[in-house]
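Below is one structure, written out as structure tokens; the observations come after it.
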Amino acid sequence: MKLRTKIQMYSTLVVFIVILLINTAIFYLFYKISIDAEIERVKSETNTIMEALADNMDTTISPNDLMKAYIPSNGMIQIINQEDQVIHSIRKDAEFFDLPSDYVSAETSQVIEGEDGVRSVMVSVPIIWEDGEVVTLQVTEKLSSLDETMSTLFYVLLFASLIMVIPTIIGSHFLSNFLLKPIQQLTKTMTDNPKKGEWRTINISGRSKDELYQMGSTYNRMIERLKESFHKQEQFVSDASHELKTPLSVIKSYTQLLERWGKSRPEVFDEATHAINTETERMSYMIQQMLDLAKNEQKENLQFEHVNLIPMLQDCIRAFTVTYKRKIKFSSDFDQLELSCDREKMNQLFYILIDNACKYSQEDVNVTVDHVDGLVKVDIQDFGEGIAEQDVERIFDRFYRVDKARSRETGGTGLGLPIAQFIARSHGGEISVVSEEGNGTVFTVSIPH
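Structural data, given as structure tokens:
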């Protein structure tokens, strides 16, 4: 069953039940008020007859003649003695013979139903009769007019209920359209996105900020994230293909050169084998970095432990001092500074940053460790050419290199800084950059302590 049908059916059913309950309550409330009014009216008539009988008890007017003067147009008056015998009875209708006649010692009133199905009000009161005996004056009146009124009211309420259901059906139709239109729009957009290759969003402008608006807004944000992720993947594949294409082209060119001149010219052989070996190592390094980048995006691979950051940095600096035969200054006010982190990943992060500082600067490199406002801050400063302002915002993008020619000479792939940033963020930290062209660059790693 479609949601539209469910909304129309359930809303109509609920409204119909509510109308039915309200009309039923109205019917029985009107019936109760009418019955009470009829009982009070018959009681009043009974009191009038009782007073008339008492006033004319010593006169020559017979009780039957007196009761004939007061008998209701559609009723009966009876006098019943203590043996439940009717001693006087005046009836308008022979059907009243079917009604009970009982002696009572206190005033009573009741609604009874005859064999013909017509209800009657019966009021019984005790009175003193002419011989001094206590008898019962019983006045009964049929409620034919009330039954006709209740029957008319029943059909009126039934007709009104059916009439009210019609606008309910129409209203449920418009309600289902109002509720389902955004959902249908969302479904169509979700269906069209993968088919047409478009990243379409839902137009939610001008709509009230209800749950449907929130659903559309959430979907739009999800689409934007998917779009961004998809474009990043496309860019990554495109950049990786481009980066791998260059060493493959070099290898292919030198292979063809070897086929032509390698056997006859030793210098060509040496040059080609050296170039092929260099480009192979470069490809291997690049592939390894791409794998590292993919692994670093999975936080579940991290293995946290308490690590003393000071000796870790000192070991890293010592290795680069030997490799680059450069002076790397280390300064810290702490002899011990423990940090909860993945030792291997954190060591990789500082390896990348210090390696970059040494590659792109011929001057000394400064490494400073500090602890500020619950954050461990490590500054890696070089005094190289610096980075242009327009490039600073993009240096953490995959495969982005400020100077591609110089990066190729130094072996850069454009993946080191993205890896470092992922490691920092996976530890709840961040890497910030301050650079000025001609005056060097400072990379600051901030990790929660």
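Numbering (our numbering), first residue to last: 1 to 449. Beta carbons are placed, not taken as given, at the ideal position from N, Cα and C, and that holds for glycine. The structure presented is a predicted model; accordingly, all values stated were derived computationally and were not measured.
Are residue i and residue j closer than 8 Å when you measure CB to CB?
i	j	result
I352	L417	yes
V250	E279	yes
V104	T136	yes
A240	Y254	no
I310	S340	no
H371	H449	yes
Q348	F330	no
I202	T191	no
V139	E38	no
V392	I447	no
Q82	S101	no
T5	I169	no
L244	M283	yes
I395	V433	yes
L162	I7	no
I423	T444	no
G75	E141	yes
S44	L146	no
Y219	L186	yes
K68	I90	yes
E327	D364	A small correction: the amino acid at residue 327 is Lys; Glu does not occupy that position in the sequence shown. Cβ distance < 8 Å, so K327 and D364 count as in contact.
Expressed to the nearest angstrom, what Euclidean distance is found between the alpha-carbon atoms of residue i and residue j?
i	j	result
T152	I128	42 Å
I17	Y28	16 Å
I87	I71	16 Å
G438	Y360	12 Å
I223	R200	8 Å
G411	Q233	Caution applies to G411, whose pLDDT of 49 falls short of 50 and renders its modelled position unreliable; the model cannot decide the point.
Y213	N366	53 Å
Q303	R343	8 Å
D335	M286	36 Å
N47	L143	19 Å
S435	V378	16 Å
I19	Y155	14 Å
V237	Y10	52 Å
E385	E211	54 Å
L208	G440	Residue identity differs from the one stated: residue 208 is Ser in this sequence, not Leu. Their backbone Cα atoms lie some 53 Å apart in a straight line.
M312	E228	37 Å
F269	E281	18 Å
A52	D131	17 Å
F350	R225	30 Å
G216	I354	46 Å
Is the shortest distance between the beta-carbon of residue i and the beta-carbons of chain C less than 8 Å?
i	result
C341	Any reference to chain C falls outside this structure, which holds one protein chain only.
Output the boundary residues of the beta strand (DSSP E) element that contains residue i.
i	result
E141	134 to 142
L339	338 to 342
V78	The identity of residue 78 in the sequence shown is Gln, whereas the question assumes Val. Note, Q78: beta strand (DSSP E), 75 to 80.
F320	It is not in any beta strand (DSSP E) - F320 instead sits in the alpha helix (DSSP H) that spans 309 to 324.
I61	Unbroken run through I61: none, as it is neither H nor E.
S89	86 to 91
S435	430 to 436
If you count every other CB in all the chains shown that lies within 10 Å of the CB of residue i, and 16 or more means buried, which is it?
i	result
L21	exposed
D382	buried
S264	exposed
H274	exposed
Q421	buried
H427	buried
Q390	exposed
N356	buried
L158	exposed
L415	buried
A106	exposed
V14	exposed
T24	exposed
K345	buried
F230	exposed
V111	exposed
F174	exposed
First and last residue of the alpha helix (DSSP H) that includes residue i?
i	result
V118	Taken as a continuous stretch (DSSP letters only), V118 belongs to no alpha helix (DSSP H), as it is neither H nor E.
E389	389 to 392
L417	416 to 426
Sort out for me which residues DSSP pairs residue i with in a bridge.
i	result
N203	Note: N203 sits in no beta bridge, so no partner.
Q381	N366, V442
Q348	Q348 is not bridged to any residue.
F304	D342
I447	V376
K329	N366
T108	S124
H371	V376
Please find out if some non-hydrogen atom of the ligand NAP comes closer than 7 Å to the beta-carbon of residue i.
i	result
Q336	Judged by which ligands are present, the structure shown has none, so any question about the ligand NAP falls away.
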